[in-house]
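Each remark here refers to the structure printed beneath this line.
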Amino acid sequence: MTTPRPRTPVPLLRFLGATGTVTGSRFLVDTPRARVLVDCGLYQGLKPLRLRNWSPFPVEPTSIDAVVLTHAHVDHSGYLPALARGGFRGSVFATGGTLDLCRIVLPDSAHLQEEDAGYANRKGFSKHVPALPLYTQRDAERVLEQFVACAFGHAVEIAPGVHATFRPAGHILGSATAAIEITGAATRTVLFSGDLGRRGHPILKPPARMPAADFVVVESTYGDRRHEDVESLRRFEDALARTAARGGVVVIPSFAVDRTEVILLHLRRLVREGRVPNLPVYVDSPMALAALEIYRRALGAGGEEIREGFAGDGDVFDPGRLIEARSVEASMAINEERGPAVIVSASGMASGGRVLHHLARRLPDERNAVVLVGFQAEGTRGRSLADGAREVKMLGRYVSVRAEVVAVPAFSVHADQDEILGWLRGTPRPPQTAFVVHGEPAAAAALHDAIERELRWTAAVPRYLEQVRVD
Ligand SMILES: [Zn+2]
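The numbering of the sequence shown is our numbering, which starts it at 8 and goes up by one.
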C-alpha cells in the first residue's frame, strides 16, 4: 500500500511537532529503506497550533511504514485516527498498557471532535458546510485495529532495517521511551524520551536508565522548574482538613488518566495516617472510571513498570468511602451531597466535562474548596481560578467564586529539570546531539543550557519541520 517516494540516501530525523510547545508530538525517522513516525499527537491549546491539525500532514500518510507510540496521552496519540483517515495502513507499535488506554482515549477524542463539528453546524460558524469532524469514532476504531502490542525491553523489527525497543518511562501506565535502531552502512540509535515520569510516582517505577544512543530527543515540559513535592502535599492535606472542618465540599478537577489514580492514592494514605477524615470521595468522569479499571487490572497483573507492594491490599484506589458515579443519575445525585466530601471529576483544567456542573454548584459557597492539581494552561477556566478570578463563566452563565481555591502544581507526572538531567546522566556514553523538544520556549531553552553546562553535551532546540542527519 506504500506510495513510491524518493528514498533518502542517509537516515534523517525530522521534527513535525512538539517544537516550541508541549503538544503535537510527531517525529519522522526517514531511512534509505523505511519511513517511521514516532508519536502522532494532536495539537492543543493556542489557535495557530490547533489549526495545524487541519493542515495536510507534512508527509503523505500512505508513505509511512510504521508508527511507534510512546504513550496514550492525546498530545502524543490523538492524531492517529486522522493519519489512518489520510490513508496510513501500517502498524502502530506500542506497549500493552498504551494500547489499553488508547482504547478509551482515542474514541473519546473522536467523540469530542464529532461534538465540536456538531456544535459548529448548529451555530453556523464553520467555513465548511456542513462542518466535518477531524475524525470520527469509526476512524478511531479502525486505527486501534492497526496496533501491535509490544513487551518492554525487547527489540522489535517495525520496518525494514528499523528496530524499536520500549523501556518504562514512569509517566503514565504503559508509557515508554523508544529506542529506534537503524541498520545500514552503520548502525545508529535515535532515542526518544517520550514524556518522562517522576521518581516518586506512587504506582509506577521510575524511568528505566537511559540506554546508549547516538542521538536523544528529550522532552522539556518542566525543563526550567523544580517541583516542591513536600510543600505541595502539605497544601493538599491542609486544604482537605480545613474544608472538612467547615463542612464543605472539595472539588478536584482532574485529568482522567493517571492523575485521578495518583490523587486517590494520596487520599488513601492521608486517611490511613489519620491526617484527614474519612470522607465520601466521588469519582465522576466516565473516562476516569474506565482508566481506573485499566489501572486496577494492571496493578493486579503486576509487571515491569509497576511498583511492588500492591498485592493483597484490597482496592488501593479506595480511600475508604469511594463512590464511582457511572451513570448520569449517579452524577446528578452528587448535587444532594451536603458535605464534607470530595469530588474528583474531569477535565483537569475545567475546560469541559462533568466537573463544570460541580464547580457551578460549589463555587458560590465559601465553605467549599477547589483544588487545582495540575498545569493550568493560559485561557482555561482552571487558569482563571488559579489567578484569583471573582467570577467565571460556565454553562452559559457567570458563577461567583466564593469557595477557597488552592493550587497544588507539583502533582505533575512530568519530570523536572533535575530529574531529566538525572535520567540523561544514566547513559553509558554521551550521544552526538541531544534535541530538546516538548516544551514552551523558555523551558526548552533552560533545559538546553543545563545540558550543555552540566553534561557538556551538544544540545539543540529544533525548529518546526527542521530536518537533521542521523547517520
Ligand atoms: Zn504525556
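Ideal placement from N, C-alpha and C gives every residue a C-beta, glycine not left out.
Residues bridged to Phe-22 [DSSP beta-bridge criterion]: Phe-34
What is the C-beta distance between Ile-187 and His-80, in whole angstroms, given that I count them as a contact (C-beta under 8 Å)? Ile-187 to His-80, Cβ: 20 Å. No contact.
Would you check whether ligand 1 has a heavy atom nearer than 6 Å to the C-beta of Asp-1? Here the chain has residues from 8 to 478 only, and residue 1 is not among them.
Any heavy atom of ligand 1 closer than 6 Å to the beta-carbon of His-208? His-208 Cβ: outside cutoff for every heavy atom of ligand 1.
Since Ile-427 is in the alpha helix (DSSP H), which residue starts that stretch and which ends it? 424-432
Measuring only the C-alpha atoms, how far is Thr-9 from Pro-326? Low per-residue confidence applies at Thr-9: pLDDT is 45, beneath 50, and the placement is therefore not dependable, though the value from the model is reported in the following sentence. Computed Cα separation, rounded: 52 Å.
My assumption, with CB atoms under 8 Å, is that Arg-328 sits in contact with Val-288. Please give the rounded CB distance. 6 Å
Which complete beta strand (DSSP E) runs does the segment 262-319 hold, if anything under 3 residues is left out? 287-291
For Val-81, which of helix, strand or coil comes out of DSSP? DSSP places Val-81 in helix when its eight states are reduced to three.
Given 8 Å, three or more beta-carbon pairs between the segment 404-412 and the segment 445-458: no
Taking all protein chains shown into account, decide if His-161 is buried (16 or more other Cβ within 10 angstroms of its Cβ) or exposed. exposed
What runs of the alpha helix (DSSP H), each 4 residues or longer, lie entirely inside the segment 331-415? 335-340, 362-369 and 388-393
Output the distance between the C-alpha atoms of Val-155 and Ala-441, rounded to the nearest integer angstrom. 29 Å
Please check the pair Ser-84 and Gly-48, which I expect to be a contact at CB under 8 Å, by giving their CB distance rounded to whole angstroms. 6 Å
So if DSSP puts Pro-260 in a beta bridge, which residue, or which two residues, is it bridged to? Ser-352
Does the segment 255-267 come into contact with the segment 298-309, if we say contact requires no fewer than three beta-carbon pairs (one atom in each stretch) closer than 8 Å? yes
Can you tell me where the beta strand (DSSP E) holding Phe-100 begins and where it ends? 98-102
If you draw a straight line from the alpha carbon of His-234 to that of Ile-427, how long is it in whole angstroms? 12 Å
Exposed unless 16 or more other CB atoms sit within 10 angstroms - verdict on Ala-220: buried
Helix, strand or coil, according to DSSP, for Gln-439 in the structure here? coil
Where Asp-245 falls, given that 16 or more other Cβ within 10 Å makes a residue buried: Taking a 10 Å sphere around the C-beta of Asp-245, we find fewer than 16 other C-beta atoms and assign the residue as exposed.
Tell me the rounded alpha-carbon separation between Leu-402 and Gly-310. 43 Å
With respect to the beta strand (DSSP E) encompassing Thr-184, which residues constitute its N-terminal and C-terminal limits? 183-189
Measure from the C-beta of Ile-350 to each C-beta in chain D and report whether the shortest distance is under 7 Å. Structure shown: chain D not included; a single protein chain is present.
Following the continuous beta strand (DSSP E) through Arg-149, name the residue where it begins and the one where it ends. No beta strand (DSSP E) holds Arg-149; the alpha helix (DSSP H) holding it covers 144-151.
Residue span of the beta strand (DSSP E) that contains Asp-46, given as start and end: For Asp-46, the enclosing beta strand (DSSP E) starts and ends at 42-47.
Identify whether His-421 lies in helix, strand or coil by the three-state DSSP scheme. coil
Taking 6 Å as the cut-off, is the beta-carbon of His-80 closer than that to any non-hydrogen atom of ligand 1? yes
Tell me whether Glu-336 is buried or exposed, calling it buried when 16 or more other Cβ atoms sit within 10 Å of its Cβ. exposed
Let me confirm a value: Met-339 is counted as buried when at least 16 other C-beta atoms fall within 10 Å, else exposed. Which label applies? exposed
Comparing alpha-carbon positions, which option in Thr-77, Pro-39 and Ser-32 lies nearest Arg-59? Ser-32
Is there contact between the segment 190-204 and the segment 103-119, where contact requires at least three CB pairs shorter than 8 Å? The segment 103-119 and the segment 190-204 do not touch, with fewer than three beta-carbon pairs separated by less than 8 Å.
May I have the straight-line CA-CA distance separating Gln-153 from Gly-168, to the nearest angstrom? Computed Cα separation, rounded: 20 Å.
Taking three-plus beta-carbon pairs below 8 Å as touching, is the segment 342-354 in contact with the segment 210-219? Look at the beta carbons and you see the segment 342-354 not touching the segment 210-219: under three pairs across the two are nearer than 8 Å.
At the level of alpha carbons, what is the spacing between Leu-272 and Ala-422? 19 Å
First and last residue of the uninterrupted beta strand (DSSP E) at Pro-175: 169-175
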